[in-house]
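To start, the structure itself, in structure tokens.
There are 2 protein chains.
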Amino acid sequence: MSKYDCLRLDHQLCFPIYACSRGIVKKYKPFLDELDLTYTQYIVMMVLWEKQECNVKELGNALFLDSGTLTPLLKKMEAKGLVSRTRSTTDERNVIICITEEGMKLRDQAVTIPAKMGGCVDLSKDEAKTLYKLLYKVLANVEK
Amino acid sequence: MSKYDCLRLDHQLCFPIYACSRGIVKKYKPFLDELDLTYTQYIVMMVLWEKQECNVKELGNALFLDSGTLTPLLKKMEAKGLVSRTRSTTDERNVIICITEEGMKLRDQAVTIPAKMGGCVDLSKDEAKTLYKLLYKVLANVEK
DNA sequence: TATAATTAAATTGTACACAACTTAATTGCA
DNA sequence: TGCAATTAAGTTGTGTACAATTTAATTATA
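Keeping their order, the protein sequence lines are chains A and B. Residues 5 to 148 (my numbering) are what the first sequence spells out, left to right. Residues 5 to 148 (my numbering) are what the second sequence spells out, left to right.
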């Protein structure tokens with residue numbers, strides 16, 4: 005029992021979150037490689053598969069990412085033919101990201117990924133639900 | 005209810021882990037800025053405050069990081085006077101990272117950080133313990 | 001005991017993240 | 001209405017991450 009115990013790695017909550025995050029993203033890699041997507045590109049696609057279009061700001065709000073990350077990412081995705089980027093005519097500050105047909109097609113390939121990943125993470129339904137709730141609680145506290 | 009529901013962002017476990025990780029690291033920033041440490045440098049220091057010295061491989065095992073990340077990081081920390089880097093004489097493949105007196109001194113400043121961060125994350129003792137256990141369970145599954 | 005296999009770091013190249021700043025468009029208010 | 005404040009993207013610079021490869025040292029074995 006030392007006054008430095010609070011600085012032990014195994015007394016942190018942040019460290020396993022950080023390590024899990026990287027570990028899980030690494031597990032996604034082989035599955036996402038088949039779609040030629042990175043993890044960040046994949047979560048952008050998730051938003052667009054649902055909404056078909058939204059501006060950079062909305063995308064950033066959904067993913068907790070800013071334009072410094074999204075702008076270069078979206079340019080790459082545009083180059084790959086997954087999305088289009090168009091200035092809004094009603095408010096020229098906004099850039100509207102629109103999923104292409106090509107991008108929409110990827111959805112059918114992606115649909116098998118969550119089950120494969122579920123196998124990697126390997127928690128019971130109850131454990132997954134508990135973890136989910138706690139993470140969103142932390143996220144709410146941290147993002148406010 | 006669509007067959008694409010599994011691709012919704014709010015049906016993922018990975019996304020809140022990823023978002024939490026980035027959100028928490030961002031919360032650390034003002035505290036770590038006072039010590040002139042990044043988050044990754046901070047967790048390296050955590051290992052060294054405990055062990056005083058270890059090689060790059062051991063550090064990587066503890067933090068789930070490889071030499072591609074650690075080598076440049078450790079060179080920066082050496083330049084700041086926090087650690088020394090020495091080839092082992094018994095096995096010249098190993099580089100031994102040793103915390104300096106300067107680095108050891110930082111521990112007294114760092115000791116207040118965990119409590120401050122606890123306030124940000126703001127979970128009950130039970131919630132924190134549950135979250136901790138589930139994260140290490142996921143981590144074990146993901147890293148094997 | 002030479003050499004093949006393994007191991008530990010380092011290097012190279014790519015892809016985020018994000019702070020801080022810039023630019024251009026829109027809003028709000030004196 | 002005109003200008004200050006705000007807002008949305010984009011840009012710049014720094015710092016991780018990590019895959020893939022290279023280099024050098026050690027170990028194992030034919």
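The beta carbon of each residue, even a glycine, is placed where N, CA and C say it ideally should be.
Please check if any C-beta of chain A sits within less than 9 Å of the C-beta of E106(B).
No, E106(B) does not count as interfacial toward chain A.
Since C24(A) is in the alpha helix (DSSP H), which residue starts that stretch and which ends it?
Residues C18 to D37.
Are at least three pairs of beta-carbons, each pair with one atom in the stretch 134 to 145 of chain B and one in the stretch 134 to 144 of chain A, less than 8 Å apart?
At 8 Å Cβ cutoff, the stretches touch.
How about L1(B) and P20(A): do their beta carbons lie closer than 9 Å?
Missing from the structure shown is residue 1(B); chain B here goes from 5 to 148 and no further.
Identity of the residues DSSP links to I101(A) by a beta bridge:
In the DSSP assignment, I101(A) forms a beta bridge with C58(A) and R89(A).
Please identify the residue among T90(B), L13(B) and I47(B) whose C-alpha is closest to the C-alpha of N65(A).
The shortest C-alpha to C-alpha distance from N65(A) to any of T90(B), L13(B) and I47(B) is the one to L13(B).
Listed from N- to C-terminal order along the chain, which residues in the stretch 6 to 31 of chain B have their beta-carbon within a distance smaller than 8 Å of any beta-carbon of chain A?
Here the close residues are K7, Y8, C10, L11, R12, L13, H15, Q16, L17, C18, F19, P20, I21, Y22, A23, C24, S25, R26, G27, I28, V29, K30 and K31.
If distances are taken between C-alpha atoms only, which option among D112(A), A114(A) and Q56(A) comes closest to R89(A)?
Ranked by how close their Cα comes to the Cα of R89(A), the residues D112(A), A114(A) and Q56(A) have Q56(A) in first place.
Beta-carbon of N59(B) versus every beta-carbon of chain A: anything under 9 Å?
By the rule that beta-carbons nearer than 9 Å mark a contact, N59(B) does not touch chain A.
Name the chain B residues that come within less than 7 Å of T134(A), Cβ to Cβ?
Chain B residues near T134(A): T134 and L138.
Would you check if the stretch 93 to 102 of chain B and the stretch 105 to 124 of chain A touch, i.e. whether three or more CB-CB distances between them fall below 8 Å?
The stretch 105 to 124 of chain A is not in contact with the stretch 93 to 102 of chain B.
I want to verify the contact list: residues of chain A whose CB lies under 7 Å from the CB of D126(B), in sequence order.
N145, listed in chain order.
Could you check whether the Cβ of P34(A) sits closer than 9 Å to any Cβ belonging to chain B?
No, P34(A) lies away from the interface with chain B (no Cβ there is under 9 Å from its Cβ).
Relative to chain B, which residues along the stretch 58 to 87 of chain A have a C-beta separation below 8 Å, given in chain order?
So the close ones are A66, L67 and F68.
What's the gap between the Cα of L41(A) and the Cα of V29(B)?
Approximately 25 Å, taken between the alpha carbons.
Alpha-carbon spacing of D126(B) relative to N145(A), whole angstroms:
Distance between the alpha carbons of D126(B) and N145(A) is about 7 Å.
Would you check if the distance between the CB atom of Q16(B) and the CB atom of P34(A) is smaller than 9 Å?
The answer is no: Cβ separation not under 9 Å.
State the DSSP-derived secondary structure class of K7(A), mapped to helix, strand or coil.
In the displayed model, K7(A) falls within coil according to three-state DSSP, outside both helix and strand.
Between the CA atoms of G123(A) and G27(A) - distance to the nearest angstrom:
When rounded, the distance between both Cα atoms is 14 Å.
Residues of chain B with a CB under 7 Å from the CB of I47(A): which are they?
Going along chain B in sequence order, the residues near I47(A) (Cβ under 7 Å) are L13 and F19.
Which residue's Cα is closest to the Cα of W53(B): D130(A), G85(A) and K7(A)?
W53(B) has its Cα closest to that of K7(A), out of D130(A), G85(A) and K7(A).
Taking C10(B) as the reference, give the member of A114(A), L67(A) and A132(A) with the closest Cα.
Taking each of A114(A), L67(A) and A132(A) in turn and checking the Cα distance to C10(B), the smallest one comes out for A114(A).
Which of helix, strand or coil does DSSP assign to K79(B)?
When DSSP states are grouped into helix, strand and coil, K79(B) belongs to the helix group.
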